[in-house]
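Numbered according to our numbering, the sequence shown terminates at residue 170, and the numbering increases by one at each position without gaps.
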Amino acid sequence: MTEQAPAALHAAPPPETRRSRPGMATVLSVIALITSVVAIGLSARTKSVTAASVVPNIAVVEKDFSIRATPPTVKGGLVDFTVANAGPSAHEFLIFRADQAPDALPTGSDGRVDESSDQITKVFDSGDNIAANGSKVFHAALTPGKYVMVCNLPGHYKAGMHEAFTVH
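This is the structure we're talking about:
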């Protein structure tokens, strides 16, 4: 005579267990869907923030006795200025909003730009000089208009240390 295993050993799992498996698959599918949507949303936001946060940069080279800036036109808002001093002496970096030609800014009896003149508006001053063969990065918030960058150390402006640029 052959023994048979008790029927309980061969019985199917209770109905609740069978129903919980499709439920678990549904929950996992919903979690995967939410994760995908969030990831796509974050990716799109990162791209738009990166595109919007590109700050225009003007490369400036100062030397005895000239200033050259590239590009001569930038978009308004925050603008970075990477200023390199090719020497041989220290220079400063100032920006004036002005309608005049770069070599026609109002000056005092000492030949320096009159920084308090009501014909121009000083919008940026580096404060400290930039050492010969040194460089610094400055940031200025600029609105559309015409601007002139200068070195206003004694004799430098009159010697040619000025350059115009436009913000649109």
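C-beta atoms are modelled at their ideal positions from N, C-alpha and C, and glycine is treated no differently. Just so it is clear, the structure is predicted and the values come from calculations on it, not from any experiment.
What do you reckon, are the CB atoms on residue i and residue j nearer than 8 angstroms?
i	j	result
F173	H158	Outside the shown range of the chain, which is 3 to 170, sits residue 173, and nothing can be said about it.
V76	V139	no
V125	F83	no
K160	G89	no
V81	R70	no
H164	P104	yes
V56	S137	no
Cα-Cα, which of the options is closest to residue i?
i	options	result
A100	P74, V150, T109, S111	V150
D120	D127, T109, G113, C153	T109
A166	T72, A143, G136, L155	T72
P58	S111, L144, Q102, E117	L144
A134	A92, A61, V152	A92
Q102	D130, S118, K148	K148
G171	A106, S111, L96	Residue 171 is absent from the structure shown; the chain starts at 3 and stops at 170.
D116	N154, I60, D127	N154
L107	N87, A61, V152	V152
The beta strand (DSSP E) spanning residue i covers which residue range?
i	result
N59	59-65
R99	96-99
N87	79-87
S111	Run containing S111: none; DSSP gives neither H nor E here.
A71	68-72
Please check the pair residue i and residue j, which I expect to be a contact at CB under 8 angstroms, by giving their CB distance rounded to whole angstroms.
i	j	result
I122	E94	Between E94 and I122 the Cβ distance is about 16 angstroms, and since that is not below 8 angstroms, they are no contact.
P156	G78	Going by Cβ atoms, the distance from P156 to G78 rounds to 33 angstroms, so no, they are not a contact pair.
query: At what residue ranges does the stretch 122-166 contain a whole run of the beta strand (DSSP E), taking only runs of 3 or more?
result: 123-127, 137-144, 147-152
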